[in-house]
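In the order they appear, the protein sequences are chains U and A. Our numbering puts the first residue of the first sequence at 13, with every later residue one more than the last. Our numbering puts the first residue of the second sequence at 32, with every later residue one more than the last. For glycine and all other residues, C-beta sits at the position ideal for the given N, C-alpha and C. This report concerns only the one structure given below.
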Amino acid sequence: MMRGSRLPAGRRLLWLPIVALGVLPLLTGDPYQLSVWTFILLGLIVVLGLDVLLGYGGQLSLGHGVFVTLGAYSSALLTTKLGWSGWVAMPCGMVVSALAALLIGIPALRLRGYYLAMATLGFPVVLDGVLRYFSAWTGGSSGVSGVPRLALGTLVLKEPSQVYWLAFVALCAVFFATERLVRSRFGLALKAVHADEAAAAARGIDVARAKVLAFVFSAVLASLSGSLYAHYVQFVAPDTFGIPYSIMLVVMLVVGGAGRLWGAIVGTVAMMWLPELLRAASTWEPIVFGIVLAVVMLFAPNGLAGLARRRPSIVLPAAGDAPHIDLPRPATPHASGLLLMDDVSRQFGGVRAVGGLSYQVLPGRVQALIGPNGAGKSTALALIAGTIPPSSGEIRFAGQRIEQWPAHRRARLGIGRTFQHVRLIPGLTVLENVLLGRYAAAGSGRHDDGVAAAAALVRQLGLEAVADAYPSEINQYQARLTEIGMALAGKPRLLLLDEPAAGLSSAEVDRLAQLLRGLRESGVAVVLVDHVMALVTASAEEILVLEYGNVIAQGTPGEVLRNEQVRAAYLGQGVPERGAVVAEDASNAPDAATLPAHLPVLQERVA
Amino acid sequence: MDLSALPQFVAGGVTVGAVYGLIGAGFSLVFKASKVVNFAQGEFVVLGGLVTYSLMALFGAGAAAASAAILASLAIVVGIAALLYVVLRQARHGSNEFTFVMVTLAVAIALRGGAGLAWGTEFKTFPLFPRGSVNILGAVLTYGALITLAVTLLVSVALWFGLYRTRLGKALRACADNPAVAQTVGIDPKRMVLVAYLGSGLLGALGGLLLTPALMMSYDSGVILALKGFTAAVAGGLANPFGAVAGGLVIGVIEGLGVGAISSDLQNAYAFLALLFVLAFRPQGLFGGRQEFAR
């Protein structure tokens, strides 16, 4: 539970427009004005849900009006045909909408891209047709009229101000829920899914499930709005919430700024007020509307709210109350290794990226995987992390067969990873990114403890100065550390690091080596892929050398570096035995032209 | 239900499906070149019909006047497509595809509003095709329907020739596959996107021209027509213009059969329900490569 005192000022400010909406009707007694504002509030309820789906989850629904229609018709039909109370019909409508969203969402959200948009675009047309076809029950194209008003006990809510207050209370509840949701673990997960599905899965997030849940949530809110509409207007027709309405929802959201709750508020109020401002020239309304949308999209692609720098939803709490971090999970004894790969292969078309790899990783050790470019190192890590399934072979982790598990399940089992090219979530601060990493440590308790633990980790990594900065605002070393922090936050038993030293200075490489040695002591197993030999020799106890997908050597750093075959394949012959020394000091390095072609790090340094 | 009427529904479905296919090919062309779904495609269709209607009234009767009206309206709609492209070019650096999609939606809303102002809300039509019909397998096909099918076939062949047998087409396909690489061999991706928009304008206008004499056109017909065209394009594999034409024919027939066999209440729903089946079992579309679908 987030206590009020912990709420950053920005979060409290967010309630300001909501309160303003509540006060406004007190200033005007005009029933017409009140009805306009009631419709704005009802629209806002839908748009807030859509913001969770599109702004946070990145999934576009172009037919969201169907859920409003489902809510409105559920309320209208259950009350007029069966004589149910509106208060009972309303949750029924929400259940119907949630089921419909599951039905649509589960197949449509398995895939990336515009899939949901394509699948939802025609729904208003389909539902419209269905409502007309079953006219005996639904009233066909003439709709349902005579929907009773809602009542509180004996008080029938029929005055415009009463209906307004009802809508306002509903909006407050919805806003409270939505604001909590986007700030929660789940909200972070949604942002991650939006930005980078593979990176999200690596943190233990079930991507498809997160998208479906967001869709269901938005559908339930839409349904609530529809029910309130039906009881207010007392009439509903098949095309009330058709394609134009559905498109308008998206327009209002993107004009205001998707991904920000106050963007949804600004967009909805502005775009729903526009017709009132243009009443004198109502025929020009669509043209003005189109121009406004075009101008906003062209000059402020993130909407009006996007013009302001995003405020972190969670800021680094003051030091002092940082709890002890329990990094590794309780170590379970394994007869053999923590990770066991047995004859694992992966083909890409005709290319055998990894061929018959058998590999064992022991807890509390740093094991390096090296080899020339294209040797299959990253593929090997991807096979362990579950980004790609193996073509054949067996992978066991902590005694469980995992080769068919999706990436997010493996992350939850205790496999953390970083990517060759840092994959942080751009919309999250350093602290929030690290907090997101805790997702993998499933059931890791209360959100606040999570924040405190993430903050402690951020401090431990020396990132407190940039804790509230966004990934675009930090340097490569800080980004690498943040990504390692993300992985560590998931309390991994095995940490896979893909070229963490690439692009770092030698001083930074030293600090990284120190960090890895520290991890080893805490019992975490580390598999390190890197070309920077300074890091490998300084931290690894064992080196496995791959070439063209096959193991060519395995042993201690000393053994491996003396191995003739390794030197031929990887280090190039005629290079001093400790290539790492050369790598560390660029000023002594020979010209790029004389360097062995297989040592990219040397070339990088000289270039 | 009267089974003997089915061939007639199929024939009607094929004819209207051909037009959906043309509209869908316009979607495909733009999507292929720029990964953007052009919401204004339906407006190209509406304007193709309504502009021709007005120009025909203006130019007077006679084959020469009608031809002039047709050519002029095609040119006007292609000009509007070019204008849309110019608007899109104003986007800030760093805009993503979603931004562009929203801008096309904005232009669509404005064009629809403008059409409402200029032509009012009534349906318009004009005579274009010679009267008469032939009987094929129990279905009566008007000359208009035959001409529509012939034009669609011709356009498909021209599109194929243009994309696969001309330098411009090859450049456009290269750009669709990888704009960065295409640029290194001297292709200007922006120009290719312009070409795609011009092409989609022409395809849309042709669709409007063929549809209006048979089914009439109003300022807001674009929403449903775009939906059908888009359905055709998605069913065919979105980035594949020929798939779109084929997809259009398929959904046209499904729609015709649905109306004939079940009910016309659901007329606009059949195509979409069919699309859902396609998406559930073959997400890349009937004729699309998987790669082209994935973002």
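Chain U contact for residue i (CB, 8 Å cutoff)
i	result
A56 (chain A)	no
P272 (chain A)	no
A112 (chain A)	no
V117 (chain A)	no
M133 (chain A)	yes
A275 (chain A)	no
L258 (chain A)	yes
S187 (chain A)	no
C-beta neighbour in chain A for residue i, strict 8 Å
i	result
T40 (chain U)	no
I382 (chain U)	no
V446 (chain U)	no
Y126 (chain U)	yes
P119 (chain U)	yes
L393 (chain U)	no
L133 (chain U)	yes
V681 (chain U)	Because residue 681 (chain U) is not part of the residues shown, which for chain U are 13 to 619, the question remains open.
P313 (chain U)	yes
Status (buried if at least 16 other CB within 10 Å, exposed otherwise) for residue i
i	result
G217 (chain A)	exposed
V168 (chain U)	exposed
R579 (chain U)	buried
M320 (chain U)	Going by the sequence as given, residue 320 (chain U) is Ala instead of Met. By the neighbour-count rule (16 or more Cβ atoms within 10 Å), A320 (chain U) is not buried but exposed.
T179 (chain A)	buried
T215 (chain A)	exposed
W149 (chain U)	exposed
Y44 (chain U)	exposed
T152 (chain A)	exposed
W666 (chain U)	Because chain U in this structure spans residues 13 to 619, residue 666 (chain U) falls outside the shown range and cannot be described.
Inter-residue spacing [alpha-carbon to alpha-carbon] between residue i and residue j
i	j	result
A3 (chain U)	Y145 (chain U)	Residue coverage of chain U in this structure runs from 13 to 619, which leaves residue 3 (chain U) outside it and unanswerable.
R192 (chain U)	S230 (chain U)	14 Å
F79 (chain U)	L54 (chain U)	13 Å
L473 (chain U)	T494 (chain U)	8 Å
S7 (chain U)	G368 (chain U)	There is simply no residue 7 (chain U) to check, as chain U begins at 13 and stops at 619 in what is shown.
A9 (chain A)	G55 (chain A)	Because residue 9 (chain A) is not part of the residues shown, which for chain A are 32 to 326, the question remains open.
I337 (chain U)	L65 (chain U)	Residue confidence for I337 (chain U) is low, a pLDDT of 47 falling below 50, so the modelled location carries little weight; the figure read from the coordinates is stated next. About 34 Å.
V363 (chain U)	D219 (chain A)	34 Å
M498 (chain U)	L509 (chain U)	12 Å
G349 (chain U)	I407 (chain U)	11 Å
R291 (chain U)	A146 (chain A)	19 Å
G6 (chain U)	G439 (chain U)	Missing from the structure shown is residue 6 (chain U); chain U here goes from 13 to 619 and no further.
L258 (chain A)	E74 (chain A)	11 Å
H124 (chain A)	V254 (chain A)	30 Å
T46 (chain A)	A205 (chain A)	33 Å
V41 (chain A)	V309 (chain A)	20 Å
Endpoints, the alpha helix (DSSP H) within which residue i is located
i	result
R195 (chain U)	172–195
F431 (chain U)	Unbroken run through F431 (chain U): none, as it is neither H nor E.
A95 (chain A)	94–120
T150 (chain U)	147–150
R123 (chain A)	No alpha helix (DSSP H) holds R123 (chain A); DSSP gives it neither H nor E.
L440 (chain U)	No alpha helix (DSSP H) contains L440 (chain U), which DSSP labels as neither H nor E.
A211 (chain U)	209–214
G279 (chain A)	272–292
Q315 (chain A)	Run containing Q315 (chain A): none; DSSP gives neither H nor E here.
N- and C-terminal bounds of the beta strand (DSSP E) containing residue i
i	result
Q359 (chain U)	351–360
G567 (chain U)	562–567
F409 (chain U)	404–409
A172 (chain A)	The sequence given here has Leu at residue 172 (chain A), not Ala. Where L172 (chain A) is concerned, the enclosing beta strand (DSSP E) stretches over 170–173.
Y371 (chain U)	363–373
L557 (chain U)	According to the sequence displayed, residue 557 (chain U) carries Val and not Leu. Per DSSP, V557 (chain U) belongs to the beta strand (DSSP E) from 554–559.
Cβ-heavy atom distance, residue i to the ligand GDP, below 7 Å
i	result
L317 (chain A)	Inclusion of the ligand GDP in the displayed structure is not the case, the ligand content being empty and no account of it being possible.
Quick one, which residues of the segment 190–222 of chain A are near chain U if we go by CB-CB under 7 Å, in chain order?
-> none
Relative to chain A, which residues along the segment 294–310 of chain U have a C-beta separation below 9 Å, given in chain order?
-> T295, W296, E297, P298, I299, V300, F301, G302, I303, V304, L305, A306, V307, V308, M309, L310
Check distances from the C-beta atoms of the segment 136–149 of chain A to those of chain U and list, in chain order, the residues that come in under 8 Å.
-> L136, A137, V138, A139, I140, A141, L142, R143, G144, G145, G147, L148
Listed from N- to C-terminal order along the chain, which residues in the segment 293–314 of chain A have their beta-carbon within a distance smaller than 9 Å of any beta-carbon of chain U?
-> I293, S294, D296, L297, Q298, N299, A300, Y301, A302, F303, L304, L306, L307, L310, A311, P314
Taking any Cβ of chain A, which residues in the segment 62–82 of chain U have a Cβ under 7 Å from it, in chain order?
-> none
Any residues in the segment 151–180 of chain A with a beta carbon nearer than 9 Å to a beta carbon of chain U? Which ones, in chain order?
-> none
With 8 Å as the C-beta to C-beta threshold (strictly closer), list the residues of the segment 71–98 of chain A near chain U in chain order.
-> none
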